[in-house]
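Numbering (my numbering), first residue to last: 31 to 356.
This report concerns only the one structure given below.
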Amino acid sequence: MDKQALVTVRGLVKHFPLPGGWLSGKRRIVQALDNINLDIVQGEVLGLVGESGCGKTTLGRCILQLIRPTEGSVQFDGDELTQLRGDTLRRKRAHMQIVFQNPLVSLSPRRTIQQSLTEPLSTHHMPREEWMPRIDALMQRVGLGIQHLDRYPHELSGGQLQRVSIARALLLEPKLLVLDEPTSALDVSVQAQIINLLDELRREIGLTYLFISHDLSVVEHLSDRIGVMYLGKLVEIGNTEQIMKQPSHPYTKALLQSVPRVGSRRMHEAPLLEGNVPSPINPPSGCRFHTRCPIAEAICQQSEPILEATGAAQWAACHLTIKETL
Ligand code: SF4
31 MDKQALVTVR
41 GLVKHFPLPG
51 GWLSGKRRIV
61 QALDNINLDI
71 VQGEVLGLVG
81 ESGCGKTTLG
91 RCILQLIRPT
101 EGSVQFDGDE
111 LTQLRGDTLR
121 RKRAHMQIVF
131 QNPLVSLSPR
141 RTIQQSLTEP
151 LSTHHMPREE
161 WMPRIDALMQ
171 RVGLGIQHLD
181 RYPHELSGGQ
191 LQRVSIARAL
201 LLEPKLLVLD
211 EPTSALDVSV
221 QAQIINLLDE
231 LRREIGLTYL
241 FISHDLSVVE
251 HLSDRIGVMY
261 LGKLVEIGNT
271 EQIMKQPSHP
281 YTKALLQSVP
291 RVGSRRMHEA
301 PLLEGNVPSP
311 INPPSGCRFH
321 TRCPIAEAIC
331 QQSEPILEAT
341 GAAQWAACHL
351 TIKETL
């Protein structure tokens, strides 16, 4: 790649031990992430998709160190984040912000919008005279006005609250925004407005996004590249156009099949995927997708595929796709 990676993730593993099992000696562990390797290039939007429970939100939080990984490395802007603690990590966090699906995670219902917006500026010791100019400029930029500052969250609509969350995330001039399903709770018309706002902001400010969504059609609109996750594994990654036109992995193909497109036969076809995602406590052997894969063969249960190139800028983890490509 020509551009420099802002985020480099290597060998990332996250296990969540479940309570109990200490008497029998059989502790149960949720294997949320397994050996994730990816780069997020400066200025790009990397979309991350997959069904609920695939680990995409955990990955976003492990990158920000909101959840500490069990193993592996996360480099951000040249620093190894897994080694940082206390004030050093807090200072670094000013450059990496998150927008949640539910704006009320970052906005207290008991505080006015202005109080919620001044809090990060105060925490990061921003000079007091800079607070209001920054807040006013960002409120305007996200399409709100100073008349909204004295209101409480319950007095704003869902779309307005998400605009405030975006303004709050931008107050400290971050380099990276993790957008965790930022439009999933909104009406379709408001979703489009928020996606357009995020797109404009990215172009104006030169931000880098990790855009997490279960909805491939939303991710497609904003992303330069797309990563596809299944049961804690990254199973395909590549340029958006290539992934959408010529997906390599059977799981990506199935996800695409389920995206409704006007005028396309896909609107009327049944989704290819059957059954539920298996439990991450006891994931299937070999390829984790083999229990649902429509083209699985014997090798798929025995041996785990690794990400290999299937195109000029596309990688997939599938024994059979690789065989076809060679
Ligand atoms: Fe399907 Fe086998 Fe490829 Fe896994 S490795 S996606 S089971 S064909």
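Using N, Cα and C, we set each Cβ at its ideal position, and we do this for glycine too.
Keep in mind that this is a model prediction, so the values were computed, not measured.
Asked	Found
Exposed unless 16 or more other CB atoms sit within 10 angstroms - verdict on Asp180	exposed
Cβ neighbour criterion (16 or more within 10 Å) applied to Ala167	exposed
Separation of Ser214 from Ile325, as counted between CA atoms	32 Å
Neighbourhood of Arg295 by C-beta distance below 6 Å, restricted to the same chain and skipping five residues each side	Low local confidence applies: a pLDDT of 48 at Arg295 is under 50, so the model's placement there is unreliable, with the coordinate-based value given in what follows. Excluding positions up to five away in sequence, the list is empty.
Three-state secondary structure assigned by DSSP to Trp345	strand
Host beta strand (DSSP E) of Asn67 (start-end)	59 to 71
Continuous alpha helix (DSSP H) stretch holding Val220: start and end	218 to 235
Leu350 Cβ short of 6 Å to the ligand SF4 heavy atom set	yes
Other residues of its chain near Ser253: CB distance less than 7 Å, five sequence neighbours each side excluded	Val75, Leu76, Gly77, Phe241, Thr270
Beta-carbon gap between Ala343 and Pro335 smaller than 7 Å	no
Heavy atom of the ligand SF4 within 6 Å of Ala167 beta-carbon	no
Distance, Arg255 Cα to Gly73 Cα	12 Å
Neighbourhood of Ala281 by C-beta distance below 7 Å, restricted to the same chain and skipping five residues each side	The question names Ala, but residue 281 is Tyr in the sequence shown. Only Val258, Tyr260, Val265, Phe319 meet the Cβ criterion.
Alpha carbon of Ser103 to alpha carbon of Val39, nearest angstrom	6 Å
First and last residue of the uninterrupted alpha helix (DSSP H) at Met156	Element bounds for Met156: n/a, residue is neither H nor E.
Cys84 beta carbon near the ligand SF4 (any heavy atom closer than 6 Å)	no
Under 7 Å between C-beta atoms of Pro183 and Leu174	no
Separation of Met274 from Thr351, as counted between CA atoms	16 Å
Distance cut-off 6 Å: His178 Cβ against heavy atoms of the ligand SF4	no
DSSP three-state assignment for Lys33, whether helix, strand or coil	coil
Pro47 (DSSP reduced to helix, strand or coil)	strand
Exposed unless 16 or more other CB atoms sit within 10 angstroms - verdict on Trp52	exposed
Assigned exposure category for Ala328 - 16 Cβ within 10 Å defines buried	exposed
DSSP beta-bridge partners of Ala339	Trp345
Contact test: Ile325 Cβ vs the ligand SF4 heavy atom, cutoff 6 Å	yes
Own chain partners of Ser333 with C-beta closer than 6 Å, once the 5 adjacent residues on each side are dropped	Gly316
Residues near Arg57 in its chain [Cβ-Cβ closer than 7 Å; skip 5 each side]	Pro47, Gly51
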